[in-house]
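Data block below; observations after.
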Amino acid sequence: MNIKSIAITALLAAVGVSSLSAGYTVSGNISGHGGRILFLRPTSLEKADTLANVVTSDGSFKFTGDVTAPFEAKIIAVGTQVDIPVFIENGADIKVDAKTDSRLVRTSGGGALQQCRNAYNNLEIETAARRDSVNNYYRTTYDLNDYFWVVQLKGALQQENDRFEAAEDDFLSKNDNMVSASVIAQRLNTLTRNKTLHKKYSLLGPNALASERGKMLKEKAELSSQISVGGIAPDFTMLTPDDKPITLHGIKGKVKILDFWASWCGPCRAETPNVKAIYDDFHSKGLEVISVSLDTSKAAWIKAIEKDGMNWHNASELDKGNTARDVYKVYGIPYMLILDENNRIISEGLRGERLREFIASQFPD
Numbered sequence: 000m001n002i003k004s005i006a007i008t009a010l011l012a013a014v015g016v017s018s019l020s021a022g023y024t025v026s027g028n029i030s031g032h033g034g035r036i037l038f039l040r041p042t043s044l045e046k047a048d049t050l051a052n053v054v055t056s057d058g059s060f061k062f063t064g065d066v067t068a069p070f071e072a073k074i075i076a077v078g079t080q081v082d083i084p085v086f087i088e089n090g091a092d093i094k095v096d097a098k099t100d101s102r103l104v105r106t107s108g109g110g111a112l113q114q115c116r117n118a119y120n121n122l123e124i125e126t127a128a129r130r131d132s133v134n135n136y137y138r139t140t141y142d143l144n145d146y147f148w149v150v151q152l153k154g155a156l157q158q159e160n161d162r163f164e165a166a167e168d169d170f171l172s173k174n175d176n177m178v179s180a181s182v183i184a185q186r187l188n189t190l191t192r193n194k195t196l197h198k199k200y201s202l203l204g205p206n207a208l209a210s211e212r213g214k215m216l217k218e219k220a221e222l223s224s225q226i227s228v229g230g231i232a233p234d235f236t237m238l239t240p241d242d243k244p245i246t247l248h249g250i251k252g253k254v255k256i257l258d259f260w261a262s263w264c265g266p267c268r269a270e271t272p273n274v275k276a277i278y279d280d281f282h283s284k285g286l287e288v289i290s291v292s293l294d295t296s297k298a299a300w301i302k303a304i305e306k307d308g309m310n311w312h313n314a315s316e317l318d319k320g321n322t323a324r325d326v327y328k329v330y331g332i333p334y335m336l337i338l339d340e341n342n343r344i345i346s347e348g349l350r351g352e353r354l355r356e357f358i359a360s361q362f363p364d
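Here numbering that gives the first Met the number 0 is used: the sequence shown runs in plain steps of one and ends on residue 364.
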C-alpha cells in the first residue's frame, strides 16, 4: 500500500521509538474496497480536513501519529457508504472491521473515548440483527398476503425502533463526552427528519456540549426545538393567489392549522375534505387554516384551491425557493402543524379523525 503519512508521523520517526509508543494507531480492513481510504478530521458538520490517505487493493489500511489532545476523526472509503468515526488519543490502538455494503462497523481497542464508541457500535449491531429478523418474517408474510401478521410484525419493528431510541437516550445521558455529540451528528439527517434532534441534544452533558461536535450542533438543535411541539413556529411571509403578502404570525386565531400540501399530491387532496369539514365546524370558534403549497405552477395551484373549495388562507412561494418548507424541514406531504394563539406548536402530523378529535379538544363546549 502507498501511504501518504501525516507529517507528524515522520517527525516521530526522527525522534525515536519511545515517542512512537506514546502515539496512536488506527488499522483494519474494509472488506470489498479497492481504492482510496481517507483519514479525516471534521471541521464542521459538512466539511473535514484530510489528515492522511492510503490507496489499497485489499481494503487494509493503517494510520499512525501523535496528538496533543483527543479528537474525533473519520475513516472514509471513497466511493462507498463507509464513514467510520474513531476517537484519537495517544496510546490508543484502534482496530476496525467494516464492509462496503453495510454502514455497520465493528471496532475494538482504543482509549477511553473509543471504548465508549465501541459500545455504541455494538448497540447498533445488536439492533440491526433484531430488525433484520423481524424484516425477514415481514417480507415472508407480506408475500403470502397474511395481513394479520404483516400488521403484527410492523408493530414489532416499531418496538425495536423504540427500543433502540430508548437505549440511545440512555447512552447519551450516561456518557458526557465528545462521543455522545458525535453520535447525534452522525444521525443528524434522521433526527432532523423525525423532529427529534432537540430532544436528543437536550440529553447531552456539559462536556459533550463543549466539544467540537457539540458546538457545531447547537444552531441546528435550537432550530429543531422551534419546529417541534412546544416551540414557537417560525414566522414567514408568502404571497396569496392574488399576490398579496401574508405572514403566519399575522393571521390571528385561537387555533391554527399550518398545512403543507401541493396540487399534485394525491394524499393531500384526499385529506382536503376532512380539513374543510373541520374548518367549517370550528372557524366561527376561532380556527384558522393556512395552507402552504409546494407547487411551482400558479395555474395548477389556483385550480386545485377552487376545485377543492379551500376557502381559507392560501399561500405559496411557487418556484422562489420554498423557504418555509426548508425551515420547517418538510420531507413529505401532507404535513400539518397545529398552533395555539401564541403560535406555539401544540401538535403535528395529525390527519383524518385524529385531526378532528384534537381540534375539537381545543374548543370545549
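Glycine residues also receive a C-beta, built at the ideal position from the N, C-alpha and C atoms.
Here Ser227 has Lys194, His197 as same chain residues with Cβ atoms under 6 Å from its own Cβ, once five neighbours each way along the sequence are excluded. Taking C-alpha positions only, Ala47 is separated from Tyr137 by approximately 40 Å.
For Gly351, the enclosing alpha helix (DSSP H) covers residues 351-360.
Per DSSP, the unbroken alpha helix (DSSP H) holding Asn135 starts and ends at 111-142.
Taking C-beta atoms under 8 Å as the contact rule, Trp300 and Ser262 qualify, at a distance of about 6 Å.
9 Å or more divides the Cβ of Asp241 from the Cβ of Val291. By the beta-carbon neighbour count (other beta carbons within 10 angstroms, threshold 16), Glu218 is exposed.
Taking 9 Å as the cut-off, the Cβ atoms of Val182 and Tyr141 do not count as close. A contact is defined here as three or more CB-CB pairs under 8 Å, and the region 320-330 fails this definition with respect to the region 199-206. Using a C-beta cut-off of 8 Å, the region 20-33 makes contact with the region 91-104, since at least three inter-stretch Cβ pairs fall below that distance. By the 16-neighbour rule on beta-carbons within 10 angstroms, Asn144 is exposed. Counting only runs of 3 or more residues that sit fully inside the region 26-79, the beta strand (DSSP E) segments are 34-41, 47-55, 59-64, 70-76, in chain order. When the beta-carbon positions are compared, Gly229 and Arg343 come within less than 9 Å of each other. Of all C-beta pairs linking the region 78-89 to the region 50-70, three or more are shorter than 8 Å, placing the two stretches in contact.
Excluding the 5 residues flanking it on each side, Asn341 has same chain C-beta neighbours closer than 8 Å at Ile231, in chain order. Remark: C-beta atoms of Asp82 and Gly109 do not approach each other more closely than 9 Å. Contiguous beta strand (DSSP E) elements confined to the region 245-296 occur at 254-260, 286-292, taking only those with 3 or more residues. The secondary-structure analysis by DSSP pairs Ser223 with nothing; it has no beta-bridge partner. Taking a C-beta distance under 9 Å as the contact criterion, Arg355 and Ile289 do not qualify as a contact pair.
A contact between stretches requires three or more CB pairs, one per stretch, nearer than 8 Å, and the region 55-67 fails this requirement with the region 158-174. Put simply, of Thr49, Asp65, Gly64 the residue whose alpha carbon is nearest the alpha carbon of Ile74 is Thr49. Nearest neighbour of Leu349 by Cα position, chosen from Lys297, Leu208, Thr271, turns out to be Thr271. In this structure Val150 is exposed. Its beta-carbon is surrounded by fewer than 16 other beta-carbon atoms within 10 angstroms.
Using a Cβ distance threshold of 9 Å, Gly265 and Leu286 do not count as a contacting pair. Arg192 places its beta carbon less than 9 Å from that of Tyr330. Approximately 6 Å separates the beta-carbon atoms of Lys297 and Leu317; this is inside 8 Å, confirming the contact. For Met309, the closest alpha carbon among the candidates Ala269, Asn188, Ser43, Ala21 is that of Ala269. Between Cys267 and Ile358, the C-beta gap is not smaller than 9 Å, which leaves the two residues out of contact. Distance from the CA atom of Ala76 to the CA atom of Val25, rounded to whole angstroms, is 14 Å.
In the DSSP assignment, His312 is bridged to Ile289.
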